[in-house]
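Undergrad:
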Amino acid sequence: MILRTALVVLLLSGLAEAQTHSPYAGHAQRAVAALSEQEIADLRSGAGMSMALPAELNGYPGPRHVLDLAEALHLTPVQRVAAEQSFASMRDAARPIGEQVIAAEAALDRLSTEGKATPAAVAEASERIARLRGQLRTVHLAAHIDMHGLLSSDQRAAYDRLRGYGRAHKPH
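When you number the sequence shown by this note's numbering, it's gap-free, plus one each residue, and the end is 173.
1) Provide the residue span of the alpha helix (DSSP H) that contains Thr139, from first to last.
2) Let me check one thing: in DSSP terms, what residues is Leu36 bridge-paired to?
3) Over the uninterrupted alpha helix (DSSP H) stretch that includes Gly99, give me the two end residues.
4) Our contact map puts Gly1 next to His149 with C-beta atoms below 8 angstroms; I'd like the distance itself, whole angstroms only.
5) Quick one, are the C-beta atoms of Leu68 and Ala94 less than 7 angstroms apart?
6) Can you give the Cα-Cα distance for Leu152 and Asp110, rounded to whole angstroms?
7) Excluding the 5 residues preceding and the 5 following Arg65 in the sequence, name in chain order all residues of the same chain whose CB lies nearer than 8 angstroms to its CB.
8) Three or more beta-carbon pairs under 8 angstroms between the segment 36-45 and the segment 116-132, yes or no?
9) In whole angstroms, what is the alpha-carbon distance linking Pro78 and Gln156?
10) Under 7 angstroms between the Cβ atoms of Ala105 and Leu112?
11) Contact defined as beta carbons within less than 8 angstroms: I believe Leu133 pairs with Ala56. What is the distance between those atoms, to the nearest angstrom?
12) For Ala48, which of helix, strand or coil comes out of DSSP?
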C-alpha cells in the first residue's frame with residue numbers, strides 16, 4: 002500500500018511537472034523569439050534552410066550540393082565555374098534578405114515587448130515577414146533552376162542517387 006501510494010504521488014508530481022513546462026520554455030531569452038540562434042546564423046550566411054526542398058526533391062539540384070558532389074558528378078570545368086557562380090550569386094542575394102527577415106522578426110517581437118501590438122500592426126509586420134521569406138525562397142529556388150539547366154539528365158539522376166532520394170529521376 003505504501004509503495005502504491007508513493008507511486009501515485011510520483012506519477013501525479015510528474016504530470017504536474019509536465020503540464021507546467023512549455024515547448025517554448027527558454028525562447029524568451031532568445032535575441033529574436035521566433036528564431037533560434039541556428040536560424041539566425043543560417044539567415045545571415047545565406048544558407049538554404051530547406052527553402053528549395055520542392056525543387057531539390059524533384060530533379061532540381063542545389064548549387065551547394067552540386068559543388069560538394071562535383072567529382073562524383075564528373076562536372077566539367079565550365080560546369081564547376083557556373084555552379085560556383087550560381088552559389089555565390091544565391092548566397093550574395095540571400096544574405097541581405099536574411100538580415101531583413103531577422104530585423105522584421107525583431108520588429109514583430111518589439112510590438113509585444115513594448116505593448117504596441119494591435120491587430121493592424123501585427124498584420125503589417127507578419128505580412129512583411131512573409132514577403133521577405135517569399136523573396137528569400139525565390140532566390141534559393143532560382144539557384145536550383147540554374148543547376149537543373151546546367152547539369153545533364155544523367156548528372157541529375159546521379160545527383161538524386163548520391164543524395165539518397167531513392168526514386169526514379171523525373172525527366173524534365
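Where is the CB? At the ideal position from N, CA and C, for every residue including glycine.
TA: Taking the coordinates as given:
1) 120-151
2) Val33
3) 78-114
4) This structure cannot settle anything about residue 1, because the visible part of the chain is limited to 2 through 173.
5) no
6) 43 angstroms
7) Gly49, Phe88
8) no
9) Computed Cα separation, rounded: 14 angstroms.
10) Between Ala105 and Leu112, the C-beta gap is not smaller than 7 angstroms, which leaves the two residues out of contact.
11) At roughly 20 angstroms, the Cβ-Cβ gap does not stay under 8 angstroms, so Leu133 and Ala56 are not in contact.
12) coil
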